[in-house]
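For the sequence shown, our numbering gives the first residue as 2, with consecutive numbering after it.
Idealized CB from N, CA, C, for every residue including glycine.
A quick write-up on the structure given underneath.
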Amino acid sequence: MPTVIHVSPHPDDESIAAPCTLLALRDAGWRVINFAASLGRPEVHARREAELRAALDVAGFELHTSRAAISRGDDLGSSRKALSFELITLIRDTGAVLVVGPHARDGHHGHQTVARAIRQAVWDAPRPVTWWMWSIWADLPRPTLVAECAEKHLDLGREMLDCYPGETGRNDYRRMQESLWTLNAVRGVEKAFGFGSAPDARLRGITHAELFTEVRAVRRRWQVAAPRVLGAPPTLPGDTGWRDLDDISLLSSTRLRPLYQPWMLSLSARMGWPGRYDEFASRPRPWRQLRRVVPAAARSAWSRAWEKPRRS
Ligand SMILES: [Zn+2]
2 MPTVIHVSPH PDDESIAAPC TLLALRDAGW RVINFAASLG RPEVHARREA ELRAALDVAG
62 FELHTSRAAI SRGDDLGSSR KALSFELITL IRDTGAVLVV GPHARDGHHG HQTVARAIRQ
122 AVWDAPRPVT WWMWSIWADL PRPTLVAECA EKHLDLGREM LDCYPGETGR NDYRRMQESL
182 WTLNAVRGVE KAFGFGSAPD ARLRGITHAE LFTEVRAVRR RWQVAAPRVL GAPPTLPGDT
242 GWRDLDDISL LSSTRLRPLY QPWMLSLSAR MGWPGRYDEF ASRPRPWRQL RRVVPAAARS
302 AWSRAWEKPR RS
């Protein structure tokens with residue numbers, strides 16, 4: 002029986018990001034383990050754990066609970082290391098071949114911490130483990146896997162999320178769950194297969210979907226899978242379905258953002274470009290243009306400094 006580990010940064014993420022896909026794997030005979038990376042803030046642990054257990058009872062998934070601290074103000078670096086160690090131990094003990102979890106740029110610090118822990122575990126795993134990345138709080142940069150949701154799984158997914166009154170009462174995540182399924186089916190297929198690809202025969206009739214980016218590490222090399230629709234029963238790509246990763250930013254977290262420094266933005270504004278570093282970098286011979294701009298900027302700063310102050 003193949004095993005999949007879903008890594009859920011918070012209780013309820015499994016019910017929003019990938020419930021239909023995990024249920025389809027369960028129906029196909031997979032062992033589904035939900036690795037609950039955290040239970041939220043300490044004062045709500047009991048309530049959130051009870052909600053999580055109720056949701057997993059509906060789904061028929063196993064639970065592995067960790068109590069990592071991934072809230073704002075926690076030591077996220079230590080939590081990442083601890084989670085990574087715990088996950089790699091679980092992968093080894095269960096023989097899991099698939100990990101499902103957040104993308105490194107999912108727009109929540111806790112989700113990003115968990116994604117970095119997964120990235121390390123997948124990289125260090127003794128044999129290739131496939132990682133399906135999803136994103137709830139940000140757009141998935143390059144989806145490659147479209148999983149159509151079956152009607153019965155949509156109903157179960159809704160029922161799972163209904164087990165979280167503490168969360169859905171605070172903010173109506175049920176509407177987000179429905180919207181993501183719809184958005185993935187309409188926009189996601191265009192992003193995965195290229196604009197203009199719908200309606201493709203493979204995609205016709207998909208009204209609800211979950212989206213993933215499918216990667217793995219083989220002998221210290223990252224690979225990304227070719228775009229595909231997840232079949233029924235769901236399978237992993239064969240060895241010919243992979244190619245070497247051509248864009249490392251697919252795996253990177255928000256920590257690369259300092260590339261966009263304020264001085265670069267002001268420089269490109271001065272040069273009449275709309276504030277984009279990549280346009281600056283893609284111009285032919287940018288340094289020649291820079292040589293023209295810097296003296297001009299220095300001259301104008303100099304003349305401003307010598308302007309007579311206006312009398313009021
Ligand atoms: Zn979350």
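In this structure, W138 keeps its C-beta atom at 9 Å or more from the C-beta atom of A19. S136 is a Cβ neighbour of R106, given a cutoff of 9 Å. At least one heavy atom of ligand 1 sits closer than 8 Å to the Cβ of D13. Between S39 and M161 the beta-carbon gap is near 18 Å, outside 8 Å, which marks them as no contact. In this model, G170 and G242 are separated by some 43 Å (Cα to Cα). Inter-residue distance for R244 and E215 is about 11 Å (C-alpha atoms, whole angstroms). When the beta-carbon positions are compared, P234 and D28 come within less than 9 Å of each other.
Here T22 is not near A218, since their CB atoms are 9 Å or more apart. Within the same chain, Cβ atoms closer than 8 Å to the Cβ of L64 are found at I34, N35, A37, L53, R54 and L57, the five residues on either side in sequence being excluded.
Under the three-state reduction of DSSP output, P103 falls in the strand class.
Counting C-beta pairs with one atom in each stretch, the segment 187–198 and the segment 114–131 have fewer than three that are closer than 8 Å, which means they do not touch. Apart from the 5 residues on each side of it in sequence, G61 sits with its Cβ closer than 7 Å to the Cβ of R27 in its chain, given in chain order.
The three-state secondary structure of R244, taken from DSSP, is strand.
Not a single heavy atom of ligand 1 lies less than 8 Å from the C-beta of G167. Closest in alpha carbon position to L184, among E87, N172, P144 and R222, is P144. Taken through DSSP and simplified to helix, strand or coil, R188 comes out as helix. Counting along the chain, V59 sits inside the alpha helix (DSSP H) bounded by residues H46 to A60. Only exposed fits R271, as fewer than 16 other CB atoms lie within 10 angstroms of its CB.
Bounds of the beta strand (DSSP E) holding F36 are R32 to A37.
The shortest C-alpha to C-alpha distance from Q224 to any of H209, E211 and D240 is the one to D240. Restricting attention to L88, L252 and L24, the CA atom closest to the CA of P10 is found in L88.
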